[in-house]
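Beneath this line is the structure, given in structure tokens, with notes to follow.
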Amino acid sequence: MSYDARMRVWRGDAAGGELQDFSVEVNEGEVVLDILHRLQASQTPDLAVRWNCKAGKCGSCSAEINGRPRLLCLTRMGTFAEDEVVTITPLRAFPVVRDLVTDVSYNFEKAREIPPLVPRERDPDGNHRMQQIDVERSQEFRKCIECFLCQDVCHVLRDHEENVPAFAGPRYLMRLAELDMHPLDGVDRRRLAQEHFGLGMCNITKCCSEVCPEGIKITDNGLIPMKERVVDRKYVPSTWLGSTIRRRKRSAEA
Amino acid sequence: MTAVAPAGTGADGRPRLAARTLRTDRWWLQPLLTVAALVAFIVYSTVRAFENAHYFAEPYISPFYSPCLTTSCEGDTFPELFSGPSFLSPALYILIVPLGFRLTCYYYRKAYYRSFWLSPPACAVAEPHRSYTGETRFPLVFQNLHRYFFYAGLAFNAVLTYDAVLAFRNSEGEWFHMGVGTLVLLTNAALLWLYSLSCHSCRHIVGGRLVHFSRHPIRYRAWTFVSRLNGKHMQLAWVSLVFVAFTDFYVRLLATGALDDPRFF
Numbered sequence: 016m017s018y019d020a021r022m023r024v025w026r027g028d029a030a031g032g033e034l035q036d037f038s039v040e041v042n043e044g045e046v047v048l049d050i051l052h053r054l055q056a057s058q059t060p061d062l063a064v065r066w067n068c069k070a071g072k073c074g075s076c077s078a079e080i081n082g083r084p085r086l087l088c089l090t091r092m093g094t095f096a097e098d099e100v101v102t103i104t105p106l107r108a109f110p111v112v113r114d115l116v117t118d119v120s121y122n123f124e125k126a127r128e129i130p131p132l133v134p135r136e137r138d139p140d141g142n143h144r145m146q147q148i149d150v151e152r153s154q155e156f157r158k159c160i161e162c163f164l165c166q167d168v169c170h171v172l173r174d175h176e177e178n179v180p181a182f183a184g185p186r187y188l189m190r191l192a193e194l195d196m197h198p199l200d201g202v203d204r205r206r207l208a209q210e211h212f213g214l215g216m217c218n219i220t221k222c223c224s225e226v227c228p229e230g231i232k233i234t235d236n237g238l239i240p241m242k243e244r245v246v247d248r249k250y251v252p253s254t255w256l257g258s259t260i261r262r263r264k265r266s267a268e269a
Numbered sequence: 041m042t043a044v045a046p047a048g049t050g051a052d053g054r055p056r057l058a059a060r061t062l063r064t065d066r067w068w069l070q071p072l073l074t075v076a077a078l079v080a081f082i083v084y085s086t087v088r089a090f091e092n093a094h095y096f097a098e099p100y101i102s103p104f105y106s107p108c109l110t111t112s113c114e115g116d117t118f119p120e121l122f123s124g125p126s127f128l129s130p131a132l133y134i135l136i137v138p139l140g141f142r143l144t145c146y147y148y149r150k151a152y153y154r155s156f157w158l159s160p161p162a163c164a165v166a167e168p169h170r171s172y173t174g175e176t177r178f179p180l181v182f183q184n185l186h187r188y189f190f191y192a193g194l195a196f197n198a199v200l201t202y203d204a205v206l207a208f209r210n211s212e213g214e215w216f217h218m219g220v221g222t223l224v225l226l227t228n229a230a231l232l233w234l235y236s237l238s239c240h241s242c243r244h245i246v247g248g249r250l251v252h253f254s255r256h257p258i259r260y261r262a263w264t265f266v267s268r269l270n271g272k273h274m275q276l277a278w279v280s281l282v283f284v285a286f287t288d289f290y291v292r293l294l295a296t297g298a299l300d301d302p303r304f305f
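So the sequences go chain by chain: A and B. For the first sequence, this note's numbering gives the first residue as 16, with consecutive numbering after it. For the second sequence, this note's numbering gives the first residue as 41, with consecutive numbering after it.
The following block contains the structure:
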């Protein structure tokens, strides 16, 4: 069954833009990205939209559909009523390049700031050893496709541009948690997470988990465990006292 | 942070869109329901805490007044450590612990940050505040003390379990009797244990802080169990909250004589 959908698409650039109305044919089983491609082919050949795999794995086609951060390729048109106006805008937390394409380079800058894994000392026989159950937690975070929907929806960044330098966002706080939980990583990232990457700004309202297309429990399995690890390091009175009077070694703080 | 921040989604370079949100669903419903439920509980528990009466009906004691710390407590309640001023309700000494536990709970933080402080009211809906420092400063930095309220809460759960055991008596203090009130107190204690054990701090303490699960198989099993419970933390938070109020209400009905406790044996 085909029908003509009413689409509103934001068009413009950093200087300004507006929502424009279109009527586009929709066929059964199609996703929003299909409709945008049809729009490009039939009415707006210069519409800018970033996409790649069309299978929910490359993380390229992030946008906001009816105000909710989503992947264009994983949002079926069948989820909307036929007479519903479907509004598509670029990610609102990042600078726009043109139309639906935003500049997400902030994320890569934050990624570069994270110290890489530094292996612990080897076992006496010269090997590194870890079991599957030791790395299972971290493997959940490796499912991340870096679509940056979590970064887009996080109100710490989205609603407060002034926090951008001090806050790494859920994707990279999750990366810190992944490394801190890694059995072979020899760097203590707890103080770093709190003081350099702004973990304390997270108020665990879980929007990052709600929008994750991979279903990663970013808050429950990444950010909250990392907050608890920071408490171990910074807010347990004996630890705090030890580091204050410098009886505790600082070598592992990194 | 700066006192006056540039508007978030209106910051330079971002897509020019005036709307606070373009969501078309009823995003306001969840925060509204949360406010309604929490306000209802706060009003009820405040009234009951200050009422200082009708909290004991042999052999049942209301969870709002247990552990009863002062000698002015009704009945043979436990542990009656000191005599406070008579105008002060015994409930006021103890509610600080369950209140602190729930206030610093990771789930309730999400609930009230969203619904009361609107930070944010819903995902992708702009918050009204011009600046934001999260949990980095006083007083919210004290949210990091959650684990200490968790430890104290465990002691309270033990006392409430003891109260439930005492409820296997009749009004003359003879053992091996049971009424609907016994079931109510037992269910209340069980729900509070489940809520406490599903806590994120508990999950961290039992095993989450480890990096080598394989070297600690017992703690790994405990962590796996708590992790499963943790997935239901929100539901347990609500059910235990409602049930603790219901338990108090049931004891009040008995204490005022509005209801006779149906006895099984």
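We put the CB at the ideal spot given by N, CA and C, even for glycine.
Bounding residues of the alpha helix (DSSP H) (the contiguous stretch that carries residue i)
{"i": "residue 22(A)", "result": "Here residue 22(A) belongs to no alpha helix (DSSP H); instead the beta strand (DSSP E) covers 18-28."}
{"i": "residue 37(A)", "result": "Residue 37(A) -> not in any alpha helix (DSSP H); beta strand (DSSP E) instead, spanning 31-41."}
{"i": "residue 194(B)", "result": "186-206"}
{"i": "residue 321(A)", "result": "Because chain A in this structure spans residues 16 to 269, residue 321(A) falls outside the shown range and cannot be described."}
{"i": "residue 222(B)", "result": "220-237"}
{"i": "residue 122(A)", "result": "120-128"}
{"i": "residue 258(B)", "result": "257-270"}
{"i": "residue 52(A)", "result": "47-57"}
{"i": "residue 243(B)", "result": "240-243"}
{"i": "residue 274(B)", "result": "273-296"}
Nearest-angstrom Cβ-Cβ length linking residue i and residue j, presumed shorter than 8 Å
{"i": "residue 77(A)", "j": "residue 169(A)", "result": "About 13 Å; that fails the 8 Å criterion."}
{"i": "residue 197(B)", "j": "residue 238(B)", "result": "In fact, because the Cβ distance is near 13 Å, the residues do not count as touching under 8 Å."}
{"i": "residue 246(B)", "j": "residue 266(B)", "result": "5 Å"}
{"i": "residue 254(B)", "j": "residue 154(A)", "result": "That belief does not hold up - the Cβ atoms of residue 254(B) and residue 154(A) are roughly 15 Å apart, past 8 Å."}
{"i": "residue 187(B)", "j": "residue 246(A)", "result": "7 Å"}
{"i": "residue 198(A)", "j": "residue 251(A)", "result": "That pair is no contact at about 23 Å."}
{"i": "residue 199(B)", "j": "residue 106(B)", "result": "6 Å"}
{"i": "residue 295(B)", "j": "residue 96(B)", "result": "6 Å"}
{"i": "residue 141(B)", "j": "residue 193(B)", "result": "4 Å"}
{"i": "residue 280(B)", "j": "residue 226(B)", "result": "That pair is no contact at about 13 Å."}
{"i": "residue 305(B)", "j": "residue 217(B)", "result": "6 Å"}
CB contact flag (residue i, residue j, <9 Å)
{"i": "residue 103(A)", "j": "residue 51(A)", "result": "yes"}
{"i": "residue 200(A)", "j": "residue 207(A)", "result": "no"}
{"i": "residue 184(B)", "j": "residue 303(B)", "result": "no"}
{"i": "residue 166(A)", "j": "residue 141(A)", "result": "no"}
{"i": "residue 212(A)", "j": "residue 191(A)", "result": "yes"}
{"i": "residue 65(A)", "j": "residue 116(A)", "result": "yes"}
{"i": "residue 163(B)", "j": "residue 277(B)", "result": "no"}
{"i": "residue 125(A)", "j": "residue 231(A)", "result": "no"}
{"i": "residue 248(A)", "j": "residue 166(B)", "result": "no"}
{"i": "residue 86(A)", "j": "residue 228(A)", "result": "yes"}
{"i": "residue 125(B)", "j": "residue 287(B)", "result": "no"}
{"i": "residue 132(B)", "j": "residue 121(B)", "result": "no"}
{"i": "residue 169(B)", "j": "residue 292(B)", "result": "no"}
{"i": "residue 171(A)", "j": "residue 152(B)", "result": "no"}
{"i": "residue 248(B)", "j": "residue 175(A)", "result": "no"}
{"i": "residue 132(A)", "j": "residue 119(A)", "result": "no"}
{"i": "residue 137(B)", "j": "residue 189(B)", "result": "yes"}
{"i": "residue 27(A)", "j": "residue 91(A)", "result": "no"}
{"i": "residue 100(B)", "j": "residue 301(B)", "result": "yes"}
{"i": "residue 134(A)", "j": "residue 143(A)", "result": "yes"}
{"i": "residue 31(A)", "j": "residue 59(B)", "result": "no"}
{"i": "residue 233(A)", "j": "residue 189(A)", "result": "yes"}
{"i": "residue 154(B)", "j": "residue 71(B)", "result": "yes"}
{"i": "residue 64(B)", "j": "residue 99(A)", "result": "yes"}
{"i": "residue 186(A)", "j": "residue 122(A)", "result": "yes"}
{"i": "residue 156(B)", "j": "residue 284(B)", "result": "no"}
{"i": "residue 68(B)", "j": "residue 161(B)", "result": "yes"}
Where the beta strand (DSSP E) containing residue i begins and where it ends
{"i": "residue 83(A)", "result": "83-86"}
{"i": "residue 79(A)", "result": "77-80"}
{"i": "residue 169(A)", "result": "Per DSSP, residue 169(A) belongs to no beta strand (DSSP E) and is neither H nor E."}
{"i": "residue 222(A)", "result": "It is not in any beta strand (DSSP E) - residue 222(A) instead sits in the alpha helix (DSSP H) that spans 222-226."}
{"i": "residue 103(A)", "result": "100-104"}
{"i": "residue 113(A)", "result": "111-113"}
Does the stretch 210-225 of chain A come within contact of the stretch 240-253 of chain A, defined as at least 3 CB pairs closer than 8 Å?
Yes, they touch.
Decide if the stretch 52-59 of chain A is in contact with the stretch 33-44 of chain A; the criterion is three or more beta carbon pairs, one per stretch, under 8 Å apart.
Contact between the stretch 52-59 of chain A and the stretch 33-44 of chain A is present: three or more C-beta pairs spanning the two stretches fall below 8 Å.
Are the stretch 49-59 of chain B and the stretch 106-113 of chain A touching, with three or more C-beta to C-beta distances below 8 Å?
Because the criterion of three Cβ pairs below 8 Å is met, the stretch 49-59 of chain B and the stretch 106-113 of chain A touch.
Every unbroken alpha helix (DSSP H) within the stretch 124-174 of chain B, with a cutoff of 4 residues, ordered by chain:
Fully enclosed alpha helix (DSSP H) runs of no fewer than 4 residues occupy 131-134, 136-143, 146-155 of the stretch 124-174 of chain B, in order along the chain.
Quick check for students: name the residue ranges of the beta strand (DSSP E) that lie wholly in the stretch 130-210 of chain A, counting only runs of 3 or more.
Runs found: none.
Ranges of the beta strand (DSSP E) found wholly within the stretch 78-113 of chain B, counting only runs of at least 3
Listed in chain order, they are 108-110.
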